[in-house]
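**Q** Sending over a structure as structure tokens; questions will come in a sec.
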Amino acid sequence: MSTARHPWWRRPLRWLVALALSPVALGLSWALLDVVTAPRNRLDAWVPLGCGALIWVVIFLMLPKPMWLYVVGHELTHALWTWAFGGRVSGFKATSKGGHVIVSKSNAFIVLAPYFFPLYAALWAGAFLVANWAMGWHGQEFWLRLGIGMAYAFHVTLTGHVLRHRQPDIDGEGWVFSAVLVWLMHALLMLVALPAITASMAPVDALLRAGRRIAQVVMGMARLIL
């Protein structure tokens with residue numbers, strides 16, 4: 088996505104917003120750690136996730152980077168989040184060297200969505216659920232988790248790879264604000280997805296735990312300040 092020139096006060100305002108969101112991001116991170124270390128986690132749930140991630144990391148290190156596939160996912164994520172916010176997409180281009188979408192509206196979530204939303208992992212999970220509903224693929228959770236592990240590792244490794252170079256999306260929003268919002272949204276998505284994938288707890292319980300952790304962080308910071 089192309090970025091327009093912004094007023095001078097926008098970046099300092101973004102810093103203040105990032106500061107205000109930091110306790111929320113810390114609380115979500117704490118809750119995410121609770122989910123990962125939950126006593127009800129089962130080895131048969133985490134092993135395929137880890138194996139899928141490891142398979143992709145080996146591919147990432149040994150073979151040419153599938154940049155066209157990544158760019159398609161990146162630009163498509165911009166488009167999907169634009170539609171989610173009620174906007175329209177009038178142009179789409181993706182090549183191995185980069186791409187862009189032309190949208191009727193934009194905000195920080197639309198601009199930064201490709202950095203926190205693992206599109207291919209979501210598509211794999213959605214396709215699997217549809218196939219399970221249509222054809223009764225019961226007992227195939229191993230393949231669901233293996234594929235999600237690979238797709239999630241694809242997102243993390245290639246996002247890290249492109250972030251080594253200047254990204255107009257990040258520049259337009261500011262690195263501090265972008266880092267906080269991307270991690271906050273990523274942690275929130277993981278808090279919903281991981282419990283469902285690993286069956287360690289109900290997603291709503293994970294979100295309630297996140298609320299308690301955020302409150303603990305805010306109270307702790309308030310005690311330090313006061």
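Okay, so the sequence shown: first residue is 88 according to our numbering, each after it adds one. Quick reminder that beta carbons are idealized off the backbone N, C-alpha and C, glycines included.
#1: Going along the chain, which residues of its own chain have a beta-carbon closer than 7 Å to the beta-carbon of residue 211, five neighbours each way excluded?
#2: If we count the other Cβ atoms within 10 Å of its Cβ and call it buried at 16 or more, is residue 222 buried or exposed?
#3: Would you say residue 229 and residue 135 are within 7 Å of each other, going by their C-beta atoms?
#4: Take residue 168 and list the residues in its own chain whose beta-carbon comes closer than 7 Å to its own, dropping the five residues that flank it on each side.
#5: Have a look at residue 297 and residue 242 and give me their C-alpha separation to the nearest angstrom.
#6: Go ahead and label residue 208 buried or exposed: buried means 16 or more other beta carbons lie within 10 angstroms of its beta carbon, across all protein chains shown.
#7: Quickly, what does DSSP pair residue 181 with across the bridge? List them, please.
#8: Whole angstroms is fine: what's the gap from residue 259's alpha carbon to residue 267's?
#9: Going by alpha carbons, who is nearest to residue 158 out of 176, 139, 188?
#10: Cα separation between residue 285 and residue 279?
#11: Taking C-alpha atoms, which residue in 231, 309, 162, 313 lies nearest to residue 140?
#12: Identify, in the order they occur along the chain, each residue of the same chain with its Cβ nearer than 8 Å to the Cβ of residue 109, setting aside the five sequence neighbours on each side.
#13: Quick one: using the 10 Å Cβ neighbour count with 16 as the cut-off for buried, is residue 283 buried or exposed?
#14: How big is the Cα-Cα spacing for residue 90 and residue 246?
#15: In terms of alpha-carbon separation, which member of 249, 154, 255, 191 lies closest to residue 171?
#16: Around the Cβ of residue 252, are there at least 16 other Cβ atoms within 10 angstroms (buried) or fewer (exposed)?
#17: From this set, 148, 105, 227, which residue's C-alpha is nearest residue 131's C-alpha?
**A** A quick look at the data gives this:
#1: 234, 235, 238
#2: exposed
#3: In this structure, residue 135 lies closer than 7 Å to residue 229 by Cβ.
#4: 196, 197, 200
#5: 24 Å
#6: Answer is buried; the Cβ neighbour count reaches 16.
#7: The partner list for residue 181 (beta bridge, DSSP) reads 186.
#8: 15 Å
#9: 188
#10: Spanning the two alpha carbons is a distance of roughly 11 Å.
#11: 231
#12: 267
#13: exposed
#14: Its pLDDT being 44, under 50, residue 90 is placed unreliably by the model, and nothing is read from it.
#15: 191
#16: Exposure of residue 252 is indicated by the presence of fewer than 16 other C-beta atoms within 10 angstroms of its C-beta.
#17: 227
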